[in-house]
Amino acid sequence: MKPEIGTGAQAQIKGHAHPTAKTFVSIGLVLAVITAAEFGTYYVAGWGTLMYITLAVLSVVKFWLVGSYFMHLRYEQRILAGIFAVGVVLATLMAVALKYVNLA
Amino acid sequence: MAHEAHGHDSHAHVTNTGIDNRKLGFWLFLSSESVFFACLIVGYLVYHGSNNGGPTPQDLFNIPLTTISTFVLLMSSLAMVLGVNAAQQGDNKKGMLWTAITAGMGLVFLGFQVYEFSHFIHEGLTLSSSLFGTTFYVLTGFHGAHVGVGVIWLLSLLFYGRKGGLGADKANDVEVAGLYWHFVDIVWIVLFTVIYLVEFVS
């Protein structure tokens, strides 16, 4: 999705692209549709592993949309995305590792 | 070395990265918060099957209701970003309005959580009834506490801007509060899938 660029004070001061309210509303609509799709999976049976993958993809897309657009990571300096990525990657690796550790 | 920024916010200080030091510090905090919630999620995933003869997740979870509360929190994130955008554009009144709407939707989400918790307790799931109960309440309770802190933060912003509104001079303050709110939303995006939806995959 190509963001629309505004000309607000913040954008002019920082000298980089800044999305408009219309962009944010569009992202909000996409998030609402994805949530509806997630709710729809509740009524679907028999997909097994494919359903796990579908739910994971939908969740990751929502995560990415909120992080990129609402938290402005798409428009900020990359160091901020890097800082957040370190925490998220550590959290994910820890969750995967500990989920499968033998606690017995 | 930090120095006074030349821009819309006389309180803003930038680091030698060119980033406002509050924003940089807050992103470091959010990064550590990710690990904090990962610990709680792992605890839940490991022990959610230990119901000690009590109700199971399938017995309790109400997906339609949780979907509505998830939708409310998602839309509160949209309201928050519109508030940040309005403040950055110097629209003081809309900055106040969207921030107030965000706080209101946060309270609605907390209302859903209070209802859910009271229903679950009535059904026999308490903090000490089973490891499922302990890990569920600790995880979702900490998330709810974060929402509560966010609501207090937003209300304090509204108080802060009660005379002049939330405009360009306070845009950085609104933006940092917005980062916190969006993070809380992101955590719930993960929890909605990991706790609720995955439970019903057959």
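First to last, the protein sequences are chains A and B.
Under the numbering used here, the first sequence is numbered contiguously, ending at residue 104.
Under the numbering used here, the second sequence is numbered contiguously, ending at residue 1202.
Positions of the beta carbon are idealized from the N, C-alpha and C atoms, including for glycine.
In terms of Cβ geometry, residue 35/A and residue 1070/B form a close pair [threshold 8 Å].
With its beta carbon at least 8 Å from every one in chain B, residue 37/A lies outside the interface.
The C-beta of residue 1123/B has fewer than 16 other C-beta atoms within 10 Å across all chains shown, which makes the residue exposed. Contact between the segment 22 to 32 of chain A and the segment 67 to 87 of chain A is present, with at least three C-beta pairs closer than 8 Å. Annotation for residue 1102/B: 1076, 1079, 1080, 1083, 1154 and 1181 place their beta carbon closer than 7 Å to its own, counting only its chain and skipping 5 residues before and after. Straight-line measurement puts the Cα of residue 1087/B at about 5 Å from the Cα of residue 1171/B.
Within 7 Å of the CB of residue 62/A, the CB atoms of chain B belong to 1189, in sequence order along the chain. Shortest Cα-Cα distance from residue 1143/B to any of 1167/B, 1157/B, 1177/B and 1185/B involves 1185/B.
The beta-carbon separation of residue 1179/B and residue 1099/B, rounded to 14 Å, does not stay under the 8 Å limit for a contact. Minimum Cα-Cα distance from residue 1105/B among the listed residues 1050/B, 1030/B, 1047/B and 1151/B corresponds to 1151/B. In chain order, 1189, 1190 and 1193 make up the part of chain B whose C-beta sits under 7 Å from the C-beta of residue 59/A. Nearest CB-CB separation between residue 53/A and chain B: not below the 8 Å threshold. The beta carbon of residue 1165/B lies closer than 7 Å to those of 1092, 1093, 1095 and 1096 in the same chain, with the five residues before and after it left out.
Chain B places a beta carbon closer than 8 Å to that of residue 42/A, counting this residue as a contact. A contact is defined here as three or more CB-CB pairs under 8 Å, and the segment 1107 to 1126 of chain B fails this definition with respect to the segment 1030 to 1039 of chain B.
Classified as buried, residue 87/A has 16 or more neighbouring CB atoms from the shown chains inside 10 Å of its CB. Restricting attention to alpha helix (DSSP H) runs no shorter than 4 residues, the segment 1043 to 1070 of chain B encloses them at 1057 to 1060, ordered along the chain.
Under a criterion of Cβ atoms nearer than 7 Å, no residue of chain A is adjacent to residue 1069/B; the nearest Cβ is some 11 Å distant. In this structure, the beta-carbon distance from residue 1139/B to residue 1074/B does not fall below 8 Å.
Contacts between residue 88/A and chain B, judged by CB atoms closer than 8 Å, involve 1031 and 1034 in chain order.
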